[in-house]
Amino acid sequence: MTPPGETDRVKPIDTDRTGILIVHLWIEGNTREGFRARITRTLDPSGQQVKAVAATPEEIYAIVRAWVEEFVVTAADPLALA
Amino acid sequence: MRLGLLGGFRLSVESKDVPLPMNAQRLICFLALHDQPVLRTYVGGSLWGDSTDLRARGSLRSALFRLRAATYPVVSLTSDHIELAPIVAVDLREGEALAHRVLDPAQELDDIAEVNEEVLGADILPDWTEDWVLMERESYHQLRLRALEALCRRLTAKGRFGQAVQAGVAAVAGEPLRESARHALIEAHLAERNVAAALREYGSFSLLLREELGLEPSSDLRALVDGLG
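Below is the structure:
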């Protein structure tokens, strides 16, 4: 129920910025050396997809870390993306 | 009535395109990807979550109005839920069913190869950037790549080399770093006695792997082309 004095017209919906990162892992030839990752990430507000590849867990961690840090900066200041 | 999500949005009735505004297209696609009745509030919040409740409800009403104006019922409504009308055939569902058939060794190939380009060769709404599309697109992308690779191998085993190469090329295009897809494609080339194409494929994969990851192809893949040229 809408509280007195408050209408839908002035009630805001969450406008938090979002981003998605998908890490697809696979193994070639059932060996540790065959480890592969394709990382697809987006950053609001552009929604543009960026892809990267990795062959070790450490490379994935570095890509994810950079993405999170970029997200924090651009979410706080969308103009930083421009 | 047919809804195409693979390769881009297309709604058609008896092969004639039905033009729809973007908000109606988004609603149809959202419902098609959920494949079950969805709460109206959830739909409004998901599609127009960056506006107020009132505006989201208005956008949903507007999209529904546009769809009701179409000659055929595209959506089914209850007081709380919305779903895609059962008469709408969705190409994604056909693609998923086909992929599972291809991946099941007990299923015969028959007419599978004739339709692989249409439904296994494309991703869901490739130029849409919305979150709710991205996850579904990735999921189907992986399924269709596995299916294309399996199709390439099965067609090679049947001696249908041209179609095998076509499926293999589509699998490689979907993930150029997937060595198992390159393996299947090179085997198809070799089965067709097209040594030059096999060597070219191996060479381009080696180059890509070196450039992207600083790695070399596995000994299994190298063994396929050793001594050929």
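Going down the list, the protein sequences come from chains A and B. Using the numbering used here, the first residue of the first sequence is number 1, and each one after it goes up by one. Using the numbering used here, the first residue of the second sequence is number 1001, and each one after it goes up by one. All residues carry an ideal CB built from backbone N, CA and C; glycine is no exception. Only a predicted model underlies this, so the values are computations on that prediction, with no experimental measurement involved.
*According to DSSP, which residues form a beta bridge with A:I60?*
Locating residue 60 of chain A in the first sequence gives position 60, where the first residue counts as 1. A:I60 pairs with nothing; no bridge assigned.
_Beta-carbon contacts of B:L1060 that lie in its chain and below 8 Å, excluding the five residues immediately before and after_ = Numbered from 1 along the second sequence, position 60 holds the residue referred to as residue 1060 of chain B. Excluding positions up to five away in sequence, the list reads L1027, R1040, V1043, G1044, L1047, W1048.
*Using a Cβ cut-off of 7 Å, pull out every chain A residue sitting near B:L1215, in sequence order please.*
For the purposes of this step, residue 1215 of chain B is identified with residue 215 of the second sequence, where counting begins at 1. Those are A55, listed as they occur along chain A.
*Terminal residues of the continuous alpha helix (DSSP H) containing B:L1047?*
Locating residue 1047 of chain B in the second sequence gives position 47, counting from the first residue. Where B:L1047 is concerned, the enclosing alpha helix (DSSP H) stretches over 1040 to 1047.
*Assign B:H1100 to buried or exposed, taking buried as 16 or more other Cβ atoms, counted over all protein chains shown, within 10 Å of its Cβ.*
In the second sequence, residue 1100 of chain B corresponds to position 100, counting from 1. Exposed, by the Cβ-count rule.
*Would a C-beta distance cut-off of 7 Å place B:L1207 and B:L1228 closer than the cut-off?*
In the second sequence, residue 1207 of chain B corresponds to position 207, counting from 1. In the second sequence, residue 1228 of chain B corresponds to position 228, counting from 1. No. Outside cutoff.
*Let me know the secondary structure DSSP gives B:D1131 once reduced to three states.*
For the purposes of this step, residue 1131 of chain B is identified with residue 131 of the second sequence, where counting begins at 1. B:D1131 falls in the helix class under three-state DSSP.
*For the alpha helix (DSSP H) that B:V1018 lies in, which residues bound it at each end?*
The count along the second sequence starts at 1 and reaches residue 1018 of chain B at position 18. Here B:V1018 belongs to no alpha helix (DSSP H), and DSSP marks it neither H nor E.
*Quick check: the stretch 1076 to 1091 of chain B against the stretch 1127 to 1136 of chain B, are there 3 or more CB pairs under 8 Å?*
no
*With DSSP as the reference, label B:S1059 as helix, strand or coil.*
Working through the second sequence from its first residue, we reach residue 1059 of chain B at position 59. Helix, per DSSP.
_Does A:T74 pass the burial test, meaning 16 or more other C-beta atoms within 10 Å, or should it be called exposed?_
Counted from its first residue, the first sequence places residue 74 of chain A at position 74. It counts as buried.
*Straight-line Cα distance separating B:L1215 from B:V1119*: Along the second sequence, one-based indexing puts residue 1119 of chain B at 119. Along the second sequence, one-based indexing puts residue 1215 of chain B at 215. For B:V1119 and B:L1215, the distance between alpha carbons rounds to 33 Å.
*Skipping 5 residues on each side, what residues in its chain have a beta carbon closer than 8 Å to that of A:Q49?*
Counting from one through the first sequence, the residue named residue 49 of chain A turns up at place 49. Only T40, R41, T42 meet the Cβ criterion.
*Let me know the secondary structure DSSP gives B:L1125 once reduced to three states.*
Within the second sequence, residue 1125 of chain B is the residue found at index 125, counting from 1. Three-state result, B:L1125: coil.
_Own chain partners of B:R1010 with C-beta closer than 7 Å, once the 5 adjacent residues on each side are dropped_ = Translated into the one-based positions of the second sequence, residue 1010 of chain B becomes position 10. Counting only Cβ-Cβ distances below 7 Å, and skipping sequence neighbours, we find G1004, D1017.
*Around the C-beta of A:P3, are 16 or more other C-beta atoms found within 10 angstroms, so that it is buried, or is it exposed?*
One-based indexing of the first sequence puts residue 3 of chain A at position 3. Only weak support exists for where A:P3 lies, its pLDDT of 41 falling under 50; the value from the coordinates is given anyway. A:P3 is exposed by the Cβ-count criterion.
*For B:D1226, collect the residues of the same chain with a Cβ closer than 6 Å to its Cβ; drop the 5 residues on either side in sequence, then sort them by chain order.*
The sequence position of residue 1226 of chain B within the second sequence is 226, counting from 1. Cβ neighbours of B:D1226 beyond the five flanking positions: none.
*State buried or exposed for B:G1203, treating a residue as buried only when at least 16 other CB atoms are found within 10 Å of its CB.*
As a working mapping, residue 1203 of chain B is identified with position 203 in the second sequence. When all chains shown are included, B:G1203 counts as exposed.
*Which residue from B:D1127, B:R1137, B:G1058, B:S1076 puts its Cα closest to that of B:R1093?*
For this step, residue 1093 of chain B is matched to residue 93 along the second sequence. Comparing Cα positions, the closest option is B:R1137.
*Evaluate B:F1205 with the Cβ neighbour count: other Cβ atoms within 10 Å of its Cβ, from every protein chain shown; 16 or more gives buried, anything less gives exposed.*
Residue 1205 of chain B sits at position 205 when you count from the first residue of the second sequence. Answer is buried; the Cβ neighbour count reaches 16.
*asked:* Here's the rule: buried if 16 or more other CB atoms are within 10 angstroms of the residue's CB, otherwise exposed. What is B:V1102?
replied: For the purposes of this step, residue 1102 of chain B is taken as the residue at position 102 of the second sequence. Per the 10 Å Cβ criterion, buried.
*Does DSSP put B:I1186 in a helix, in a strand, or in coil?*
On the second sequence, residue 1186 of chain B is found 186 positions in, with the first residue counted as 1. Three-state result, B:I1186: helix.
*Let me know the secondary structure DSSP gives B:T1156 once reduced to three states.*
Here residue 1156 of chain B corresponds to residue number 156 of the second sequence, with the count starting at 1. Residue state, collapsed to three classes: helix.
*asked:* Rounded to whole angstroms, what is the Cα-Cα separation between B:R1210 and B:P1217?
replied: For the purposes of this step, residue 1210 of chain B is taken as the residue at position 210 of the second sequence. For the purposes of this step, residue 1217 of chain B is taken as the residue at position 217 of the second sequence. Taking the straight line from one Cα to the other gives about 9 Å.
_Between B:V1013, B:L1185, B:E1014, B:A1197, which has its C-alpha nearest B:A1150's C-alpha?_
Against the second sequence, residue 1150 of chain B aligns to sequence position 150. Ranking the options by Cα distance to B:A1150, first place goes to B:L1185.
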